[in-house]
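Residue numbers (full-length UniProt numbering): 1 to 130. We put the beta carbon where it would ideally sit given N, CA and C, even for glycine. What follows is a short report on a single structure.
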């Protein structure tokens with residue numbers, strides 16, 4: 001644990017803890033906010049999924065977009081890693097492949113905020129049977 005040497009250090013720690021608490025509170029009601037699942041199997045991590053996940057968390061937080069970003073295992077799209085699944089409230093999930101930091105920013109700006117589809121969507125080839 002970091003040592004607190006100044007009031008600024010203490011405030012920084014407070015802000016970091018608040019954001020972690022906020023994430024936990026948001027996870028109680030995820031269907032009311034944007035949900036993003038980042039594929040973090042070996043192939044995803046090797047392709048940069050961890051950096052993409054951190055970028056998404058930071059960008060969504062700085063834009064004050066109510067969201068929950070979580071990691072998941074293999075989505076089966078190893079050829080298109082890093083992959084993310086984005087679920088907007090009341091909409092069907094979309095999976096994006098080959099997500100770079102630039103592409104992640106574009107997904108936030110155009111799709112999440114603007115409702116515009118962007119390149120990189122992996123079409124679903126199945127339907128869920130209920």
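N-terminal and C-terminal residue of the beta strand (DSSP E) that residue i is part of
| i | result |
| --- | --- |
| residue 39 | 34-39 |
| residue 92 | Neither: residue 92 is in no beta strand (DSSP E) and is coded neither H nor E. |
Span of the alpha helix (DSSP H), counted from its first residue to its last, around residue i
| i | result |
| --- | --- |
| residue 116 | Neither: residue 116 is in no alpha helix (DSSP H) and is coded neither H nor E. |
| residue 52 | 49-62 |
| residue 109 | It is not in any alpha helix (DSSP H) - residue 109 carries neither H nor E in the DSSP assignment. |
Reduced DSSP secondary structure (H/G/I, E/B, other) of residue i
| i | result |
| --- | --- |
| residue 84 | strand |
| residue 122 | strand |
| residue 100 | coil |
| residue 6 | coil |
Pick from the options that is closest to residue i, judged by C-alpha positions
| i | options | result |
| --- | --- | --- |
| residue 79 | 97, 62 and 73 | 97 |
| residue 15 | 89, 62 and 114 | 62 |
| residue 32 | 87, 55 and 40 | 87 |
| residue 104 | 30, 75 and 36 | 36 |
| residue 42 | 107, 81, 110 and 99 | 81 |
| residue 53 | 101, 109 and 123 | 101 |
| residue 108 | 122, 124, 85 and 123 | 85 |
| residue 99 | 40, 124 and 114 | 40 |
| residue 77 | 120, 5 and 13 | 120 |
| residue 60 | 13, 34 and 118 | 34 |
Segment contact, 8 Å Cβ cut-off, at least three pairs: the segment 3-16 with the segment 56-72: no
Cβ contact check for the segment 46-53 and the segment 88-96: 3 or more pairs under 8 Å: no
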